[in-house]
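Structure first, then comments.
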Amino acid sequence: MPFASDEHTIVGYTAYKPNLAILQVSKQDKDEALQAGWQDTRKYLFDPYHLTSILGIRKIPYSNWLRKVILDFTMEGWFQFFGVQQSPDPDIDTTQSRGYLLATMPDLVDLQIWFCSPDDGWNASPWGSRFITGPHVCS
Numbered sequence: 001m002p003f004a005s006d007e008h009t010i011v012g013y014t015a016y017k018p019n020l021a022i023l024q025v026s027k028q029d030k031d032e033a034l035q036a037g038w039q040d041t042r043k044y045l046f047d048p049y050h051l052t053s054i055l056g057i058r059k060i061p062y063s064n065w066l067r068k069v070i071l072d073f074t075m076e077g078w079f080q081f082f083g084v085q086q087s088p089d090p091d092i093d094t095t096q097s098r099g100y101l102l103a104t105m106p107d108l109v110d111l112q113i114w115f116c117s118p119d120d121g122w123n124a125s126p127w128g129s130r131f132i133t134g135p136h137v138c139s
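In this text, residue positions in the sequence shown follow full-length UniProt numbering: the first is 1, and each later residue adds one.
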């Protein structure tokens with residue numbers, strides 16, 4: 001269960017359990033809290049599938065909710081996202097690239113794209129990261 005304790009840590013970042021009582025104080029406080037939670041927070045995505053999925057949502061939870069986004073894919077994830085075929089030699093297949101999705105986010109004001117360093121070793125390699133399925137740490 002998310003936020004089972006007061007603190008939740010993923011990949012070195014810590015988030016504290018929100019105090020939902022603020023949503024019951026007044027309509028203005030509720031609106032401001034929802035804006036802070038939906039519009040003013042960064043959405044951290046660690047898999048290209050997540051970005052594709054959320055951009056396909058027809059009924060969005062809150063307007064302008066994808067204003068600040070961090071994309072932190074594995075190297076294999078970046079290869080998939082941009083349509084780079086890995087075998088036997090790297091080749092770009094533009095029909096498979098999903099890079100165009102970044103241009104379909106009209107409310108985007110802050111995009112951070114994080115890449116692993118080749119110095120991170122085999123797990124940062126597109127050929128060695130096949131088994132990384134969740135948040136990961138790049139040195």
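Think of the CB as a built atom: it goes at the ideal place given N, C-alpha and C, for glycine as much as any other residue. In this text the structure is predicted, and so the values were computed from the model without any measurement.
Put simply, of 91, 34, 98 and 72 the residue whose alpha carbon is nearest the alpha carbon of residue 56 is 98. DSSP places residue 57 in the coil class of the three-state scheme, outside both helix and strand. The three-state secondary structure of residue 85, taken from DSSP, is strand. Under the three-pair Cβ rule at 8 Å, the stretch 13-29 does not count as touching the stretch 47-65. Judged by DSSP secondary structure, residue 31 falls within the alpha helix (DSSP H) whose first and last residues are 27-38. The straight-line gap separating the alpha-carbon atoms of residue 76 and residue 32 is approximately 39 Å. The beta carbons of residue 66 and residue 108 sit closer together than 8 Å.
Excluding sequence positions up to five before and after residue 70, its CB lies within less than 6 Å of the CB of 42, 44 and 112, all in the same chain and listed in chain order. A straight-line Cα-Cα distance of about 33 Å links residue 38 and residue 94.
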